[in-house]
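Participant: Just passing along the structure, written as structure tokens.
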Amino acid sequence: MTSAFDPGPSGDTFPCGQCGAKLGYDAGTQAMKCPYCGFQQAVPQAGGGHVREIPIEEGMRLAARGYGTPVAQVSCRECGATVNVPPGEQTATCTFCRSHQVLAQQSAGTAIRPESVVPFKVDKNSANHRFDEWIGSLWFRPNDLKKMAKVEGFAGVYVPYWTFDARVDSSWTAEAGYHYYETETYTDEQGNRQTRQVQKTRWESARGRRTDTFDDVIVCASKGLPENLGDSFRTFNTGELTPYRPEFLAGWRAESYAIDLMPAWDTGQTIMGSTQWSRCRSDVPGDEQRNLHVDNHFSRVTFKHVLLPVWIAAYRYQDKPYQFLVNGQTGEVIGKAPYSFWKIFFFVLFLIAVVAGIAVFMNGQKSKGSSSSDTRTPASLPAKAPSRSGR
């Protein structure tokens with residue numbers, strides 16, 4: 001059996017066992033499938049089906065390099081993404097930003113090889129359907145948005161991430177505040193003496209320790225995805241990670257990581273540290289806290305370089321790139337879309353007209369009520385004074 005870090009097939013194709021054509025990975029069946037005769041072949045399990053965690057201090061030495069199969073690279077001069085495509089595939093636009101400023105180049109094969117992958121489960125038809133439902137629910141978007149996104153279509157891309165496991169020993173110091181009440185005497189507006197209970201806070205020094213473990217904290221290593229969108233996909237189920245095999249890339253694109261291991265680990269520590277700060281804050285006794293300081297010690301740190309599946313619909317609207325993403329594992333849809341100035345403008349005018357109409361109606365009702373209160377019956381009018389005659 002081939003290990004997870006063996007180079008795998010030396011050729012750039014996986015031949016069909018029935019007709020000899022080129023097999024590709026099919027998301028619908030999650031197997032290698034021939035587009036001509038329909039023959040299917042399971043993707044071999046690597047390394048007994050176990051995903052290995054690599055100690056971070058040994059990562060650069062133990063990690064294998066390259067993708068284990070020949071790939072061609074296309075780099076975008078606008079967004080900076082580098083996408084690996086099957087050899088011979090012609091592409092004139094960037095998958096992430098639809099820019100035409102792309103440059104084909106030879107893959108150096110020196111990048112750390114993915115340790116594991118979440119294979120595509122959502123196929124292109126399902127991704128399109130989920131996208132149509134999402135975009136149809138949006139308000140205040142340009143009328144031609146749906147048509148434009150349809151024209152560009154979806155591209156399935158394996159996006160690079162790093163995952164980190166660690167044990168974190170945290171020690172904290174803080175001031176814990178305990179509430180108590182004192183009786184206070186004061187003079188009210190009428191000059192009377194009154195008493196009331198006033199809350200006070202007694203501050204005491206506090207300290208503590210705690211130990212926590214983190215599993216698969218993921219950090220996006222993509223340059224093509226906007227940071228806020230890449231981070232939104234932290235909901236991937238890493239429990240379904242499968243040892244990497246070159247077959248998973250057959251017929252698919254894979255972005256090279258743009259954030260190296262150690263800078264990604266800095267981000268991972270920040271994520272874990274933020275979580276630890278919140279946990280330590282909840283450990284501080286008392287009714288309130290201040291001046292919390294947390295020291296974290298990280299140990300047993302391991303990492304994986306993983307590829308996660310994303311369907312991308314990218315297009316340019318008024319020369320600005322937008323991305324719509326469908327999680328290739330769960331079907332979750334996220335993204336951004338431009339707003340229509342005129343739709344928002346007329347909606348605001350409509351709201352102003354409604355508010356003005358309500359104000360006019362309320363003023364009319366108020367004036368009517370005032371007129372009614374001033375109307376008096378003859379019986380309520382004062383008696384007319386008797387006239388005095390000069391006679």
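All residue numbers for the sequence shown refer to full-length UniProt numbering, where the first residue is 1 and numbers rise by one.
Glycine included, each C-beta is placed from N, C-alpha and C at the ideal position.
My output table needs one value for LYS366: the three-state DSSP class, helix, strand or coil.
Facilitator: Here the question's residue 366 lines up with position 366 in the sequence shown. Here LYS366 sits in helix by DSSP.
Participant: Tell me which residue opens and which closes the beta strand (DSSP E) that SER222 is part of.
Facilitator: Start at 1 with the first residue of the sequence shown, and residue 222 comes out as number 222. Here SER222 belongs to no beta strand (DSSP E), and DSSP marks it neither H nor E.
Participant: Just to confirm, is the Cβ distance from VAL219 to GLY268 under 7 Å?
Facilitator: Locating residue 219 in the sequence shown gives position 219, where the first residue counts as 1. Locating residue 268 in the sequence shown gives position 268, where the first residue counts as 1. Yes, these two residues count as a Cβ contact at 7 Å.
Participant: Would you say ARG300 and ARG167 are within 7 Å of each other, going by their C-beta atoms?
Facilitator: For the purposes of this step, residue 300 is taken as residue 300 along the sequence shown, with counting starting at 1. For the purposes of this step, residue 167 is taken as residue 167 along the sequence shown, with counting starting at 1. The answer is yes: Cβ separation under 7 Å.
Participant: Reducing DSSP to helix, strand and coil, say where GLN269 ends up.
Facilitator: On the sequence shown, position 269 is the one that residue 269 refers to. Residue state, collapsed to three classes: helix.
Participant: Can you tell me whether ALA356 is buried or exposed? The criterion is at least 16 other CB atoms within 10 Å of its CB, across all chains shown.
Facilitator: For the purposes of this step, residue 356 is identified with residue 356 of the sequence shown, where counting begins at 1. Exposed is the call here.
Participant: What is the DSSP secondary structure of CYS76, counted as helix, strand or coil?
Facilitator: In the sequence shown, counting from the first residue as 1, residue 76 sits at position 76. Three-state result, CYS76: strand.
Participant: Identify which residue in VAL83, ALA27 and PRO285 has its Cα closest to the Cα of ARG202.
Facilitator: By one-based count along the sequence shown, residue 202 stands at place 202. With distances taken between Cα atoms, ARG202 lies closest to PRO285.
Participant: Going by DSSP in three states, ASN237 sits in which element: helix, strand or coil?
Facilitator: Taking the sequence shown and counting its residues from 1, one reaches residue 237 at position 237. Coil, per DSSP.
Participant: Could you check where the alpha helix (DSSP H) with TRP134 kicks off and where it finishes?
Facilitator: Along the sequence shown, read from residue 1 onward, the residue named residue 134 stands at position 134. It spans 124–136 - the alpha helix (DSSP H) in which TRP134 sits, taken as one unbroken run.
Participant: What is the rounded straight-line gap between the Cα of ALA221 and the Cα of CYS79?
Facilitator: One-based indexing of the sequence shown puts residue 221 at position 221. One-based indexing of the sequence shown puts residue 79 at position 79. Cα to Cα, the separation comes out at about 14 Å.
Participant: Given a cut-off of 7 Å on the beta-carbon distance, is the pair VAL117 and LEU307 in contact?
Facilitator: Position 117 of the sequence shown, counted from the first residue, corresponds to residue 117. Position 307 of the sequence shown, counted from the first residue, corresponds to residue 307. Yes, these two residues count as a Cβ contact at 7 Å.
Participant: Quick one: Cα of LEU292 to Cα of GLY208, how far?
Facilitator: By 1-based counting over the sequence shown, the position of residue 292 is 292. By 1-based counting over the sequence shown, the position of residue 208 is 208. LEU292 and GLY208: Cα-Cα distance of roughly 11 Å.
Participant: Could you give the distance in angstroms between the alpha-carbon of GLN18 and the alpha-carbon of TYR25?
Facilitator: Within the sequence shown, the letter at position 18 stands for residue 18. Within the sequence shown, the letter at position 25 stands for residue 25. About 16 Å.
Participant: Assign TRP252 to one of three DSSP states: helix, strand, or coil.
Facilitator: Here residue 252 refers to the residue found at position 252 when the sequence shown is read from its first residue. Three-state result, TRP252: coil.
Participant: Enumerate in chain order the residues of its own chain whose CB-to-CB distance from CYS16 is below 6 Å, with the five nearest sequence positions on each side excluded.
Facilitator: Along the sequence shown, one-based indexing puts residue 16 at 16. Correct list, in chain order: LEU23, CYS34 and PHE39.
Participant: Quickly, what does DSSP pair ASN327 with across the bridge? List them, please.
Facilitator: Taking the sequence shown and counting its residues from 1, one reaches residue 327 at position 327. Paired residues: VAL310.
Participant: Are VAL43 and ARG245 closer than 7 Å when you measure CB to CB?
Facilitator: As a position in the sequence shown, residue 43 is number 43, starting the count at 1. As a position in the sequence shown, residue 245 is number 245, starting the count at 1. Cβ atoms of VAL43 and ARG245: closer than 7 Å.
Participant: What does a CB cutoff of less than 6 Å around VAL122 pick up in its chain, not counting 5 residues either side in sequence?
Facilitator: Sequence index remark: in the sequence shown, residue 122 carries index 122 (1-based). These residues qualify, in order along the chain: GLY328 and GLY331.
Participant: Thinking C-beta only, is ASP165 closer than 7 Å to THR302?
Facilitator: By 1-based counting over the sequence shown, the position of residue 302 is 302. By 1-based counting over the sequence shown, the position of residue 165 is 165. Contact flag set, yes.
Participant: Helix, strand or coil: which one does DSSP assign to residue 393?
Facilitator: It is not possible to answer for residue 393, since the shown part of the chain is limited to 1 through 391.
Participant: Give the range of the beta strand (DSSP E) segment to which ASN84 is assigned.
Facilitator: Sequence index remark: in the sequence shown, residue 84 carries index 84 (1-based). 82–85 is the extent of the beta strand (DSSP E) around ASN84.
Participant: Assuming PHE164 is part of the beta strand (DSSP E), what are its boundary residues?
Facilitator: The sequence position of residue 164 within the sequence shown is 164, counting from 1. Per DSSP, PHE164 belongs to the beta strand (DSSP E) from 155–187.
Participant: Do you know how far the Cα of GLY224 is from the Cα of CYS97?
Facilitator: Sequence index remark: in the sequence shown, residue 97 carries index 97 (1-based). Sequence index remark: in the sequence shown, residue 224 carries index 224 (1-based). Cα-Cα distance, rounded: 7 Å.
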